[in-house]
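Below is one structure, written out as structure tokens; comments come after it.
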Amino acid sequence: MFPPHFDYHRASSIDDALDVLERHRDDDPRILAGGHSLLPDLKNGRASPDVLVDIGEIDGLRGIESGVDVESDTDHGTGQTAIGALTTYADVLESDHLERHAPVLTDATRVLADLQIRNRGTVGGNLTAAEPGADLPAAALAADATIHVRGPDGERTIDAGEFLGADGSESALGERELVTEIRVPPSPTGGYAKKTHPASGYAMVGVAAVLEIDTETIADARVAATGVLEHAVRLTAVEDALVGERVDEAIETAAERAGETIDPADARSDDHASGEFRVHLLSTYAAQALERAMEVDA
Amino acid sequence: MTTHDIELTVNETEVELTVDSRTLLVHALREDLDYTGPKVGCESSKCGACTVELDGDAVKSCTVLAVQADGASVRTVEGFADGDDLHPIQQQFSAEHGLQCGYCTPGMVTTTKHLLESNPDPTREEIRTALKGNICRCTGYQNVVNAVESAAAALAAGEGESAPDDVELQTDYPTPGED
Numbered sequence: 001m002f003p004p005h006f007d008y009h010r011a012s013s014i015d016d017a018l019d020v021l022e023r024h025r026d027d028d029p030r031i032l033a034g035g036h037s038l039l040p041d042l043k044n045g046r047a048s049p050d051v052l053v054d055i056g057e058i059d060g061l062r063g064i065e066s067g068v069d070v071e072s073d074t075d076h077g078t079g080q081t082a083i084g085a086l087t088t089y090a091d092v093l094e095s096d097h098l099e100r101h102a103p104v105l106t107d108a109t110r111v112l113a114d115l116q117i118r119n120r121g122t123v124g125g126n127l128t129a130a131e132p133g134a135d136l137p138a139a140a141l142a143a144d145a146t147i148h149v150r151g152p153d154g155e156r157t158i159d160a161g162e163f164l165g166a167d168g169s170e171s172a173l174g175e176r177e178l179v180t181e182i183r184v185p186p187s188p189t190g191g192y193a194k195k196t197h198p199a200s201g202y203a204m205v206g207v208a209a210v211l212e213i214d215t216e217t218i219a220d221a222r223v224a225a226t227g228v229l230e231h232a233v234r235l236t237a238v239e240d241a242l243v244g245e246r247v248d249e250a251i252e253t254a255a256e257r258a259g260e261t262i263d264p265a266d267a268r269s270d271d272h273a274s275g276e277f278r279v280h281l282l283s284t285y286a287a288q289a290l291e292r293a294m295e296v297d298a
Numbered sequence: 001m002t003t004h005d006i007e008l009t010v011n012e013t014e015v016e017l018t019v020d021s022r023t024l025l026v027h028a029l030r031e032d033l034d035y036t037g038p039k040v041g042c043e044s045s046k047c048g049a050c051t052v053e054l055d056g057d058a059v060k061s062c063t064v065l066a067v068q069a070d071g072a073s074v075r076t077v078e079g080f081a082d083g084d085d086l087h088p089i090q091q092q093f094s095a096e097h098g099l100q101c102g103y104c105t106p107g108m109v110t111t112t113k114h115l116l117e118s119n120p121d122p123t124r125e126e127i128r129t130a131l132k133g134n135i136c137r138c139t140g141y142q143n144v145v146n147a148v149e150s151a152a153a154a155l156a157a158g159e160g161e162s163a164p165d166d167v168e169l170q171t172d173y174p175t176p177g178e179d
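From first to last, the protein sequence lines stand for chains A and B.
Just so we're aligned, residue 1 is where the first sequence starts under the UniProt record's numbering, counting upward by one.
Just so we're aligned, residue 1 is where the second sequence starts under the UniProt record's numbering, counting upward by one.
Written out as structure tokens, the structure reads:
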């Protein structure tokens with residue numbers, strides 16, 4: 001399987017990348033980071049850009065920083081953790097800081113693909129490609145992440161829900177915009193559980209959960225699913241059922257409501273699993289994700 | 001169609017070559033440079049037969065463009081042995097019969113090296129998890145896991161030195177179904 005022909009440019013900086021994107025605006029340019037979503041798409045004909053802009057050597061887009069911008073190294077004063085777009089899954093797993101402050105990302109990354117792919121695939125690429133069944137979109141929604149992008153009109157931040165089209169709309173990422181970093185607020189509680197598709201490694205269904213616990217009571221809950229729809233989605237019925245309840249009593253009844261907000265007729269249905277089955281699986285994996293979140297907190 | 005002049009360091013030898021934009025690293029290694037250790041299996045980043053070390057990390061070379069690797073250091077399985085002395089991981093794959101047809105072995109050995117560098121004493125479960133991205137169509141996983149365990153022990157005992165070369169090859173294999 002050969003990719004189609006294209007021109008390749010290696011960008012030396014973000015500005016250089018934006019320049020090349022602008023210059024080739026009519027050539028359907030695509031950004032190449034780790035390549036682990038884009039190259040398979042090129043091989044199987046799902047993408048055929050005339051130009052690839054490789055941002056893989058821009059060191060300012062790599063790394064995990066607490067309280068500062070990855071790129072400019074300046075304090076953003078929010079206590080959030082910034083994850084550079086080119087940070088690999090392996091980098092995420094090596095970060096003790098992330099495991100303490102955003103364990104939902106660590107937990108989702110641990111079961112993502114395999115060792116070689118984790119060495120090469122990037123967080124920014126994962127969220128931009130947002131494959132149905134990719135693990136990080138659910139984790140990013142649950143983590144309440146914001147996506148920082150640069151484009152022709154400068155810098156802006158996009159809420160993970162808008163970026164991922166979690167309400168079913170198009171992604172808010174504009175043409176010729178590139179992701180620079182992902183920021184997550186501190187949250188010591190989080191877990192992820194998935195039914196892995198045995199061949200593709202993607203989630204048939206995956207659920208990410210982040211809980212805010214105030215003396216045994218759930219003060220806030222963010223629960224999101226991947227694999228069940230074409231985009232990641234918040235499971236609001238589960239969230240509503242958790243808030244205000246005691247942690248040791250709420251999980252089972254809340255998880256049972258996971259499928260409530262999704263019509264099986266809207267769910268992804270293919271040779272591997274019907275929409276009905278995917279919705280059916282949600283409760284099981286919601287319960288597991290919530291239990292993992294509790295374990296992390298304990 | 002655009003071509004690019006790139007430089008790679010393959011198994012500690014610097015090479016220069018010209019590649020198409022779309023040339024995959026595995027094809028550059030095999031066809032332009034004659035390193036046929038990395039195999040072309042699924043070409044879709046699933047089977048791991050093409051696994052090589054790229055700047056020290058095990059990666060699937062079917063999912064890296066050769067031009068992306070410009071300036072990088074690559075190690076293929078040909079770079080594991082020290083002259084005629086096989087690398088301890090290779091010795092243990094041989095001793096434990098961790099291969100049947102051998103097609104997946106270069107990838108298995110490369111991933112094993114990456115695992116043992118970060119986790120020198122893995123459990124069998126950890127070995128299986130690490131090798132998730134390496135598929136063996138002969139289904140010889142049991143002996144592969146044995147080989148990785150033995151390699152971990154050999155590396156720990158020898159501090160990375162080559163193990164003795166009188167590896168005893170196992171000949172009394174159990175009849176399938178017996179174990």
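Even for Gly, the Cβ is constructed at its ideal location relative to N, Cα and C.
Let me know the secondary structure DSSP gives residue i once reduced to three states.
i: histidine 148/A; result: strand
i: residue 344/A; result: No answer is possible for residue 344/A: it lies beyond the span of chain A, which begins at 1 and ends at 298.
i: arginine 110/A; result: helix
i: isoleucine 83/A; result: strand
i: histidine 5/A; result: coil
i: leucine 116/B; result: helix
i: valine 123/A; result: helix
i: serine 73/B; result: strand
i: serine 162/B; result: With a pLDDT of only 49 at serine 162/B, under 50, the local geometry of the prediction cannot be trusted, and no value is derived from it.
i: glycine 83/B; result: coil
Would you call residue i buried or exposed, if buried means 16 or more other Cβ atoms sit within 10 Å of its Cβ?
i: glycine 227/A; result: buried
i: alanine 81/B; result: exposed
i: glutamate 43/B; result: buried
i: proline 4/A; result: exposed
i: alanine 163/B; result: Legend: pLDDT at alanine 163/B = 47, less than 50; position of this residue unreliable, no value from coordinates given.
i: aspartate 34/B; result: exposed
i: aspartate 107/A; result: buried
i: leucine 61/A; result: buried
i: serine 118/B; result: exposed
i: alanine 17/A; result: buried
i: alanine 199/A; result: exposed
i: glutamate 65/A; result: buried
i: glycine 160/B; result: Residue confidence for glycine 160/B is low, a pLDDT of 48 falling below 50, so the modelled location carries little weight; the figure read from the coordinates is stated next. Under this definition glycine 160/B is an exposed residue.
Quick check on residue i - is its C-beta less than 8 Å from some C-beta in chain A?
i: glycine 48/B; result: yes
i: serine 73/B; result: no
i: residue 205/B; result: Given that chain B is displayed from residue 1 to residue 179, the structure contains no residue 205/B and the question cannot be resolved.
i: threonine 2/B; result: yes
i: histidine 87/B; result: no
Is the beta carbon of residue i less than 8 Å from the beta carbon of residue j?
i: glutamate 181/A; j: glutamate 71/A; result: yes
i: leucine 98/A; j: threonine 78/A; result: no
i: leucine 39/A; j: isoleucine 58/A; result: no
i: alanine 258/A; j: valine 238/A; result: yes
i: threonine 261/A; j: threonine 236/A; result: yes
i: alanine 147/B; j: proline 88/B; result: no
i: aspartate 54/A; j: arginine 118/A; result: no
i: leucine 54/B; j: alanine 66/B; result: no
i: glycine 275/A; j: serine 269/A; result: yes
i: valine 149/A; j: leucine 173/A; result: yes
i: leucine 17/B; j: isoleucine 6/B; result: yes
i: alanine 58/B; j: threonine 111/B; result: yes
i: glycine 244/A; j: threonine 217/A; result: yes
Quick check: is the beta carbon of residue i nearer than 8 Å to any beta carbon in chain B?
i: histidine 24/A; result: no
i: leucine 39/A; result: yes
i: methionine 1/A; result: yes
i: lysine 43/A; result: yes
i: glycine 63/A; result: no
i: histidine 76/A; result: no
i: histidine 272/A; result: no
i: histidine 36/A; result: yes
i: glycine 168/A; result: no
i: alanine 298/A; result: Residue confidence is low: alanine 298/A scores 45 on pLDDT, short of 50, so the model does not pin down where it sits. No coordinate-derived value is stated.
i: aspartate 144/A; result: no
State yes or no: is the C-beta of residue i nearer than 7 Å to some heavy atom of the ligand COA?
i: arginine 75/B; result: No copy of the ligand COA occurs in the structure displayed, which carries no ligand at all.
Inset, instruction - Could you please tell me which residues of the region 112-135 of chain A, in chain order, have their CB closer than 8 Å to any CB of chain B? - result: Ala113, Asp114, Leu115, Gln116, Ile117, Asn119, Arg120
Legend entry - chain A contacts from the region 128-149 of chain B (Cβ-Cβ distance under 7 Å): Ala130, Lys132, Gly133
Inset, instruction - Scan the region 48-63 of chain B for residues whose Cβ lies nearer than 7 Å to a Cβ of chain A and list them as they occur along the chain. - result: Answer set for the region 48-63 of chain B: Gly48, Thr51, Asp57, Ala58, Val59, Lys60, Thr63.
Inset, instruction - Return the residues of the region 5-24 of chain A that lie within a Cβ-Cβ distance of less than 8 Å from chain B, sorted by chain order. - result: Listed by position along the chain: His5, Phe6, Asp7, Tyr8, Arg10.
Inset, instruction - Scan the region 13-47 of chain B for residues whose Cβ lies nearer than 7 Å to a Cβ of chain A and list them as they occur along the chain. - result: Within the region 13-47 of chain B, the residues whose Cβ lies closer than 7 Å to some Cβ of chain A are Ser21, Arg22, Glu43, Ser44, Ser45, listed in chain order.
Legend entry - Positions along the region 48-61 of chain A whose CB lies within less than 9 Å of some CB in chain B: Those residues of the region 48-61 of chain A that come within reach of chain B (Cβ to Cβ, closer than 9 Å) are Leu52, Asp54, Gly56, Glu57.
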